[in-house]
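Everything on this sheet refers to the single structure shown next.
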């Protein structure tokens, strides 16, 4: 073998060795690449987020297991599908597609983080938060988009629910009828307060935050209030009642306070609820005042009042019980109503009437007093609720003296009736005597006086007086003389004379001539007469009026 051949043979062996080393190195590189590919695939598949590679043609190139789980289908059924046509809601498709086109154009940095909905193979809507990155080839051109998506559907629902709950709690907090305060347990200052507590205290919210327990309660009550609030915090008591609270203007109102510790933003607070009980206290005071007032009326009533059970046990009695029964209220409370009836059967009759009608009216019976004497009483009962049970409200009036007076009156009535019979007989005899006297006077006037008057009337000048005398004699048994001389009228003698002439039909001129006075004076007498009889300024004829007397 020539030297040239040996040289070629040596170069061939060297080249062969180099090829073997290269192949061995390539094998190792391929094996390492396979391992890295497997490792990358493992990372791709074990990722807890959805990983999906979408080509520039909008089709799915690769998807990991989590992505298949979210989409509800296998990698084989998903790969090659148009992402936008098959997995996006119609209303979001155009918007998301424009974001994708910005990414593959290289202008979409602003779209690296994006949030949109998808539709999986089961028709479920999922909300995904995306982190997008573009994939480039050796020449730097974009050939796909790698998107990692986190399913935030549940988180969003929770966030929405929390937001709604927070909003609801805020509405409740601000519109609660109770005042609510949150006390920072570290500095003992008020951290939060709702609108109602600011109204109650008169402080604006910004001033309220700097206050503490000592600022809104009277100093003299602070030790007791703080002690009770500590018990409330330790849950030893449920609430603190009748707490005096001081407003900004210094006035005081009372509240019931309950509360409990809460953790808010990793800090411990005491949450307190203040309920203004001013109206309740006023109502309670009004009730107590009413009870005092009615107790005074109850005790001061002049008749016996008792509240008893249906079995007859006395539950309450007023002070008049002692006057009626002789027992003190304390003694009577130990007795049963059946013991005070003279006839024990009367109690049963009263109870039967009460159960039938719900009340008893004007039941007359007899009671035994403490000294065993007997009194007549008038009993009235009504139904009343007392101590949570149906009871009897009884009023008892002692009518013993009234009954005696009625009996005496009845005896007097009988005696008076007898006297009335005798008086009637006397009156009959008097009337017979009056009629006899009247007949005698009439006969005497007709037979003795009138004939003489008629003879005098023929003498001329005294004729008018004689006519007047004649008329008067004819009416001497009438009432005219008595009526015009009554004390309440108080006519003067001259006015009585004028009245007599007017009644007899004489004119004013005749009266003036007969009495020898002027017509003006006659008219003055007429006015006085009208005034005294109360007919001035009335359309009443004086002559007719006097004749009616």
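Numbering (my numbering), first residue to last: 47 to 595. We put the CB at the ideal spot given by N, CA and C, even for glycine. Note that the structure is predicted; figures quoted are calculated from it, not measured.
| query | Straight-line CA distance for residue 142 to residue 217? | reply | Taking the chain shown and counting its residues from 1, the one referred to as residue 142 is at position 96. Taking the chain shown and counting its residues from 1, the one referred to as residue 217 is at position 171. C-alpha separation (whole angstroms): 37 Å.
| request: Find the nearest neighbour of residue 226 within the set 240, 127 and 313, judged by alpha-carbon distance. | output: Taking the first residue of the chain shown as position 1, residue 226 is located at position 180. Taking only the C-alpha atoms, the option nearest residue 226 is 240.
| beta strand (DSSP E) segments (min. 3 residues) lying fully within the stretch 292-372 | 298-310, 313-322, 350-354 and 360-363
| field | Terminal residues of the beta strand (DSSP E) in which residue 423 lies | value | Sequence index remark: in the chain shown, residue 423 carries index 377 (1-based). From DSSP, the beta strand (DSSP E) with residue 423 extends over 420-432.
| query | Thinking C-alpha only, which one of 339, 195, 55 and 291 is nearest residue 114? | reply | Counting from one through the chain shown, the residue named residue 114 turns up at place 68. Here the closest residue by C-alpha is 195.
| Based on Cα-Cα distance, which residue from 129, 318 and 349 lies nearest to residue 306? | The count along the chain shown starts at 1 and reaches residue 306 at position 260. Minimum Cα distance to residue 306 is reached at 318.
| query | Between which two residues does the beta strand (DSSP E) containing residue 224 stretch? | reply | What you label residue 224 is simply residue 178 of the chain shown in a count that begins at 1. Run containing residue 224: none; DSSP gives neither H nor E here.
| task | Could you tell me the distance, in whole angstroms, from the CA atom of residue 380 to the CA atom of residue 393? | result | Along the chain shown, read from residue 1 onward, the residue named residue 380 stands at position 334. Along the chain shown, read from residue 1 onward, the residue named residue 393 stands at position 347. Cα-Cα distance, rounded: 17 Å.
| message | Could you tell me the alpha carbon to alpha carbon distance between residue 455 and residue 543, rounded to whole angstroms? | response | Residue mapping note: residue 455 aligns to position 409 of the chain shown, counting from 1. Residue mapping note: residue 543 aligns to position 497 of the chain shown, counting from 1. Answer to the nearest angstrom: the Cα atoms are 52 Å apart.
| Going by beta carbon distance, what residues of the same chain come within less than 6 Å of residue 234, once the five residues before and after it are set aside? | Along the chain shown, read from residue 1 onward, the residue named residue 234 stands at position 188. Result list for residue 234: 258, in chain order.
| message | Going by beta-carbon coordinates alone, are residue 137 and residue 112 separated by less than 8 Å? | response | Taking the first residue of the chain shown as position 1, residue 137 is located at position 91. Taking the first residue of the chain shown as position 1, residue 112 is located at position 66. Result no, Cβ atoms of residue 137 and residue 112 do not sit closer than 8 Å.
| query | Can you give, in chain order, each stretch of the alpha helix (DSSP H) that sits fully within the stretch 232-257 and has at least 4 residues? | reply | 241-247 and 251-254
| How is the beta strand (DSSP E) around residue 441 delimited, first residue to last? | As a working note, residue 441 is residue 395 in the chain shown. That run of the beta strand (DSSP E) goes 435-444.
| message | Quick check: the Cα distance between residue 411 and residue 535, rounded to an integer number of angstroms? | response | Locating residue 411 in the chain shown gives position 365, counting from the first residue. Locating residue 535 in the chain shown gives position 489, counting from the first residue. Looking at the two C-alpha atoms, the distance is approximately 58 Å.
| Residue interval of the alpha helix (DSSP H) (run including residue 117) | Here the question's residue 117 lines up with position 71 in the chain shown. Note, residue 117: alpha helix (DSSP H), 111-117.
| field | Identity of the residues DSSP links to residue 408 by a beta bridge | value | The count along the chain shown starts at 1 and reaches residue 408 at position 362. Per DSSP, none; premise fails for residue 408.
| query | Which residues bound the beta strand (DSSP E) around residue 175? | reply | As a first step, residue 175 is located in the chain shown; it is residue number 129 there, counting from the start. Taken as a continuous stretch (DSSP letters only), the beta strand (DSSP E) holding residue 175 covers 171-182.
| request: Please report how far the alpha carbon of residue 588 lies from the alpha carbon of residue 451, in whole angstroms. | output: Indexing the chain shown from 1 puts residue 588 at position 542. Indexing the chain shown from 1 puts residue 451 at position 405. Taking the straight line joining both Cα atoms gives about 54 Å.
| task | Tell me where the beta strand (DSSP E) around residue 99 begins and ends. | result | Translated into positions along the chain shown, residue 99 becomes position 53. Run containing residue 99: 96-101, per the beta strand (DSSP E) assignment.
| request: For residue 150, count neighbouring C-beta atoms within 10 Å of its own C-beta (all shown protein chains included) and say buried if the count is 16 or more, exposed if not. | output: In the chain shown, residue 150 corresponds to position 104, counting from 1. With 16 or more Cβ atoms within 10 Å of its Cβ, residue 150 is classed as buried.
| Near residue 96, what residues of its chain come up, given a Cβ to Cβ distance below 6 Å and the 5 sequence neighbours on each side ignored? | Within the chain shown, the letter at position 50 stands for residue 96. Cβ neighbours of residue 96 beyond the five flanking positions: 112, 113, 116 and 195.
| request: Kindly list the residues whose CB is nearer than 7 Å to the CB of residue 415, restricted to its own chain and excluding five residues on each side of it in sequence; keep chain order. | output: Translated into positions along the chain shown, residue 415 becomes position 369. Counting only Cβ-Cβ distances below 7 Å, and skipping sequence neighbours, we find 371, 372 and 421.
| query | For residue 393, does the three-state DSSP call read helix, strand or coil? | reply | The sequence position of residue 393 within the chain shown is 347, counting from 1. Residue 393: helix per DSSP, three-state reduction.
| message | Checking 8 Å against the spacing of the C-beta atoms, do residue 313 and residue 247 come in under that value? | response | Reading the chain shown from its first residue, position 267 is the one you call residue 313. Reading the chain shown from its first residue, position 201 is the one you call residue 247. Going by C-beta atoms, residue 313 is not nearer than 8 Å to residue 247.
| For residue 427, does the count of other Cβ atoms within 10 angstroms reach 16, so buried, or fall short, so exposed? | Here residue 427 is taken as the residue at index 381 of the chain shown, counted from 1. The residue is buried, with at least 16 neighbouring Cβ atoms inside 10 Å.
| query | Where does residue 574 sit, in a helix, a strand or coil, going by DSSP? | reply | Residue numbering aside, residue 574 sits at position 528 when the chain shown is read from its first letter. Helix at residue 574.
| field | Which of helix, strand or coil DSSP assigns to residue 284 | value | Working through the chain shown from its first residue, we reach residue 284 at position 238. Of the three classes helix, strand and coil, the one that applies to residue 284 here is coil, per DSSP.
| field | Supposed contact pair residue 367 and residue 383 - C-beta distance, whole angstroms, cut 8 Å | value | As a position in the chain shown, residue 383 is number 337, starting the count at 1. As a position in the chain shown, residue 367 is number 321, starting the count at 1. At roughly 12 Å, the Cβ-Cβ gap does not stay under 8 Å, so residue 383 and residue 367 are not in contact.
| Helix, strand or coil: how does DSSP classify residue 152 here? | Walking along the chain shown from the start, residue 152 turns up at place 106. Residue state, collapsed to three classes: coil.
| Sorted by chain position, which residues of the same chain lie with C-beta nearer than 6 Å to residue 228's C-beta, five sequence neighbours on each side aside? | Along the chain shown, read from residue 1 onward, the residue named residue 228 stands at position 182. Hits under 6 Å: 237, 238, 315 and 317.
| Per DSSP, the bridge partner or partners of residue 290 | Walking along the chain shown from the start, residue 290 turns up at place 244. Answer is 300.
| In the DSSP assignment, what residue or residues form a beta bridge with residue 105? | Position 59 of the chain shown, counted from the first residue, corresponds to residue 105. 128, per the DSSP bridge assignment.
| said: For a test of the three-state rule: what should DSSP assign to residue 381, helix, strand or coil? | reply: Within the chain shown, residue 381 is the residue found at index 335, counting from 1. Coil at residue 381, not helix or strand.
| message | Let's test the definition: count the other Cβ atoms within 10 Å of the Cβ of residue 592 and tell me whether it reaches 16, buried, or not, exposed. | response | In the chain shown, residue 592 corresponds to position 546, counting from 1. Buried, because 16 or more other Cβ atoms sit within 10 Å of the Cβ of residue 592.
| said: Suppose you measure from the CA of residue 506 to the CA of residue 567; what does that come to, to the nearest Å? | reply: The residue given as residue 506 occupies position 460 in the chain shown. The residue given as residue 567 occupies position 521 in the chain shown. Bear in mind that a pLDDT of 49 at residue 506, under 50, signals an unreliable position, so the model cannot answer this.
| message | Which of the three DSSP states is assigned to residue 584 in this structure? | response | Sequence index remark: in the chain shown, residue 584 carries index 538 (1-based). Coil.
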